[in-house]
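So for the sequence shown, full-length UniProt numbering puts the first residue at 1; every next one is plus one.
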Amino acid sequence: MTDPSGASLLWPTVSMGGGDVAIDCGDVGFRVRVGRHATVLMINGDIDAFNADCVLEHIRCFVPAGRPLIVDFSRVDFFAVHGLKNLLEFGQECDRYGANWALVASPAVSRLLRAAKVENRLPAAFSVIAALERLTHPPSAWRGH
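Following this line, the structure appears as C-alpha cells:
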C-alpha cells in the first residue's frame with residue numbers, strides 16, 4: 001500500500017543512502033546496503049528484552065513498498081524470546097501486506113528458532129546470497145505453503 005508519491009503507508013520509512021544508520025537501540029548496531037535487487041539491513045549485537053521492541057520498530061522502517069528486504073541477523077550474538085516474538089509478528093505483518101523479505105539467521109537466532117519449533121514460519125536463509133536467491137522466486141517455493 002502506497003500513497004501517490006510511492007511512500008509506504010504501512011510502516012514508517014527512513015532515508016536509505018547506504019552505509020551506517022544512526023539508530024539508538026542500546027548495544028545493537030544497524031547498517032544498511034541498498035542493492036540493485038534488495039535492501040540489506042545488517043544488525044549486530046545482542047537482542048534482549050530491553051531492546052527487542054526498539055529493534056522491531058526500526059526494522060519496520062526498512063520495508064519500502066515493492067522492494068525486497070533482507071534482515072541480516074548473522075552477527076547477532078544473543079537473541080531473546082521477546083526478540084523472537086517480535087520477529088514472528090513482523091513476519092505476519094509482511095505476509096499480510098505482501099512485503100517480500102528474508103532473514104539471515106546467526107547460530108544464536110537459529111538455535112532459538114529450532115527450540116521454539118518455528119524455523120519454518122520465517123523465510124530464513126543461511127547467507128545474504130541465499131536470501132537474495134529466495135527473494136527472486138515466488139514465496140510458495142520456499143515457505144512451505
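C-beta atoms are modelled at their ideal positions from N, C-alpha and C, and glycine is treated no differently.
Contact under 9 Å by Cβ, residue i with residue j
i, j, result
"Asn38", "Arg75", "Looking at the sequence itself, residue 38 is Ala, so the reference to Asn does not match. The answer is no: Cβ separation not under 9 Å."
"Gly98", "Val55", "no"
"Val104", "Ala80", "no"
"Ala102", "Arg60", "no"
Chain C contact for residue i (CB, 9 Å cutoff)
i, result
"Leu56", "The structure shown contains no chain C; it is built from a single protein chain."
Selection from the options that minimises the alpha carbon distance to residue i
i, options, result
"Gly26", "His58, Val32 and Val34", "His58"
"Arg121", "Ser127, Leu112 and Val128", "Leu112"
"Gly29", "Asp77, Ala49, Leu69 and Arg36", "Asp77"
"Asp72", "Ala115, Leu41, Ala116 and Arg134", "Leu41"
"Gly91", "Ala108, Asn51, Phe79 and Val118", "Val118"
"Ser106", "Arg134, Arg33 and Ile47", "Ile47"
"Lys85", "Ala130, Ala116, Cys94 and Tyr97", "Ala116"
"Ala124", "Glu93, Arg96 and Leu87", "Leu87"
"Leu69", "Gly35, Glu89, Asn44 and Ala52", "Gly35"
"Arg32", "Ala49, Gly45, Asn51 and Phe62", "A small fix is needed here, since residue 32 is Val in this sequence, not Arg. Of the listed residues, the one whose Cα sits closest to Val32 is Phe62."
"Asn100", "Val109, Ala49, Leu132 and Ile43", "Leu132"
Residues that residue i bridges to, as DSSP identifies them
i, result
"Cys25", "Val28"
"residue 147", "Because the chain in this structure spans residues 1 to 145, residue 147 falls outside the shown range and cannot be described."
Within the UniProt domain "STAS" (28-114), ranges of the beta strand (DSSP E) (whole runs, at least 3 residues): The DSSP assignment places 29-34, 39-47, 69-79 and 101-105 as complete runs of the beta strand (DSSP E) inside the UniProt domain "STAS" (28-114), in order along the chain (cut-off: 3 residues).
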